[in-house]
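Numbering (our numbering), first residue to last: 213 to 533.
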């Protein structure tokens with residue numbers, strides 16, 4: 213069986229140069245790298261990864277804490293994490309918690325026991341006082357604004373306010389919105405943005421037009437069904453995700469509401485479904501958040517990086533002015 217010494221001899225380089233190529237070290241010329249990779253392929257060389265892990269004290273695995281595996285937002289985050297992880301020969305363990313604090317603690321304990329090299333928290337249920345002590349066991353990066361930790365995030369307040377301002381510019385004054393967990397940081401920021409937007413146009417908040425625990429198409433359908441119990445409904449609603457918006461559009465058509473003439477709907481995330489249904493939405497650049505979160509982990513940087521968002525204007529918002 214070939215070893216590193218054999219590869220070095222056939223490639224005409226030093227053993228240390230072969231080692232650098234095997235470990236993706238940047239300081240190797242492209243010519244030497246290609247020559248070494250060709251020899252490796254010819255010899256069908258495979259590293260003993262377990263031995264490398266023991267020597268380096270690493271598992272080459274990073275955990276991604278997510279509440280749900282099947283939600284498009286978190287799928288996009290994990291996709292970004294994986295894209296960069298695979299470039300550096302890292303595996304990604306998807307750690308689904310369903311926002312259960314005990315489940316989340318299990319993965320923090322895995323970091324403590326050196327079963328993971330680090331954690332990327334896409335959304336959390338435990339507070340900072342619980343999470344921060346685990347940073348002494350390995351890097352923990354957040355994919356949301358979580359100042360005690362290095363984080364890569366979208367500004368929930370700014371993005372939501374931009375969406376609301378767009379609806380207002382279109383002439384809408386009777387506006388509702390939906391969100392996820394009622395008392396999460398993102399929901400609190402959305403409520404603050406909602407309050408600020410309506411204050412600018414001297415409109416009071418109607419609590420009956422605020423919907424919580426919205427994640428899926430079925431939740432979107434539920435909102436439209438709830439509309440049927442209200443004396444009046446908003447002219448526009450900002451949804452918590454494109455799937456929720458899609459559910460609203462589907463249910464609205466079933467009861468005879470025309471989109472956008474009777475009800476304007478705006479999504480968040482710019483998932484593929486939004487283009488299919490011609491949905492106006494906010495692109496939060498989710499995959500880039502995941503990619504940069506892994507880069508923070510891999511490079512050992514300690515930064516707070518805000519990722520820009522942009523409005524994607526399509527055809528589900530009417531103009532009232």
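Ideal Cβ positions, reconstructed from N, Cα and C, are used throughout, including at glycine.
Skipping 5 residues on each side, what residues in its chain have a beta carbon closer than 6 Å to that of residue i?
i	result
residue 303	273
residue 426	390, 452 and 456
Work out the CA separation of residue j and residue i for me, nearest whole Å.
i	j	result
residue 344	residue 436	41 Å
residue 342	residue 321	12 Å
residue 524	residue 215	54 Å
residue 465	residue 333	38 Å
residue 232	residue 248	10 Å
residue 330	residue 271	10 Å
residue 237	residue 388	52 Å
residue 277	residue 442	38 Å
residue 266	residue 478	Per-residue confidence for residue 266 stands at a pLDDT of 49, beneath the threshold of 50, marking its modelled position as unreliable; the derived number appears in the next sentence. Taking the straight line joining both Cα atoms gives about 51 Å.
residue 511	residue 294	15 Å
residue 301	residue 379	45 Å
residue 368	residue 505	17 Å
residue 492	residue 483	11 Å
residue 454	residue 288	13 Å
residue 534	residue 433	Because the chain in this structure spans residues 213 to 533, residue 534 falls outside the shown range and cannot be described.
residue 255	residue 297	26 Å
Which stretch, first to last residue, makes up the alpha helix (DSSP H) that contains residue i?
i	result
residue 229	227-234
residue 535	The structure shown does not extend to residue 535, since the chain is modelled only from 213 to 533, so the question has no answer here.
residue 342	340-343
residue 432	429-439
residue 480	Element bounds for residue 480: not the alpha helix (DSSP H) but the beta strand (DSSP E), 476-480.
Which class does residue i belong to by DSSP, given the choice of helix, strand or coil?
i	result
residue 252	helix
residue 409	helix
residue 419	helix
residue 523	strand
residue 389	strand
residue 224	coil
residue 267	Any reading at residue 267 must be qualified, since the residue scores a pLDDT of 48, below 50, and its modelled position is unreliable; the value itself is stated next. Helix.
residue 451	coil
Who are the near neighbours of residue i in its chain, counting only those whose CB is closer than 7 Å to its CB and skipping five residues on each side?
i	result
residue 407	417
residue 313	337 and 338
Between which two residues does the beta strand (DSSP E) containing residue i stretch?
i	result
residue 330	330-333
residue 305	303-308
residue 365	363-365
Give me, in chain order, the residues of the same chain whose beta-carbon lies closer than 8 Å to that of residue i; leave out the 5 immediate sequence neighbours on both sides.
i	result
residue 244	223, 225, 229 and 233
residue 282	none
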